[in-house]
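Trainee: Structure in structure tokens, see below.
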Amino acid sequence: RTMDVMVDKGFLIDELVPGKVHRSIFLAKQAHMSEVDVLRTQSIARLRVHVERLIRRVKENKFFDTVIPLSISGHFNQIFTVACLLTNYQHGPLVNKRVLE
41 RTMDVMVDKG
51 FLIDELVPGK
61 VHRSIFLAKQ
71 AHMSEVDVLR
81 TQSIARLRVH
91 VERLIRRVKE
101 NKFFDTVIPL
111 SISGHFNQIF
121 TVACLLTNYQ
131 HGPLVNKRVL
141 E
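For what it's worth, the numbering used here labels the leading residue of the sequence shown as 41, then goes sequentially.
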């Protein structure tokens, strides 16, 4: 299975990601969205709620309530990644298969 990534409008990373990039559809010169675009946008919005919940869980981690020593500040990306992974597995999946379809 490939990786799926949800991004905002300004993140142009399609060539960098080996999987599918999900981006909300924005009206440019059209007055209305097609039915397919409306359904796709609704699907992305449902998943976005779960992403926001996961981000909140990570931010609520007590580790981030403490001062991080300057000596390990260069490793903050790795620390944050581990916190995200642990949060993912802490209470089970946020999204079940039914929501993804």
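Just so you know, even glycine gets a beta-carbon here, dropped at the ideal spot from N, CA and C.
Small disclaimer: the values here were computed from a predicted structure and weren't measured.
#1: When DSSP labels each residue in this structure, what does V61 get in the three-state scheme?
#2: So D48 is in the beta strand (DSSP E); what residue range does that whole segment cover?
#3: Per DSSP, which one or two residues make a beta bridge with D44?
#4: DSSP three-state call for S83: helix, strand or coil?
#5: Against chain D, does V98 count as a neighbour if the rule is that its beta carbon must be under 8 Å from one of theirs?
#6: If we ignore side chains and look at the alpha-carbon of each, how far apart do F103 and K60 end up?
Mentor: Here's the rundown:
#1: As a working note, residue 61 is residue 21 in the sequence shown. Three-state result, V61: strand.
#2: For the purposes of this step, residue 48 is taken as the residue at position 8 of the sequence shown. Where D48 is concerned, there is no enclosing beta strand (DSSP E), given that its DSSP letter is neither H nor E.
#3: The residue you call residue 44 lines up with position 4 of the sequence shown. Paired residues: K60.
#4: To locate residue 83, count along the sequence shown from 1; it is residue 43. In the structure shown, S83 sits in a helix (DSSP, three-state: H, G or I).
#5: Of the protein chains in this structure there is only one, and it is not chain D.
#6: Here residue 103 is taken as the residue at index 63 of the sequence shown, counted from 1. Here residue 60 is taken as the residue at index 20 of the sequence shown, counted from 1. Their Cα atoms are separated by approximately 32 Å.
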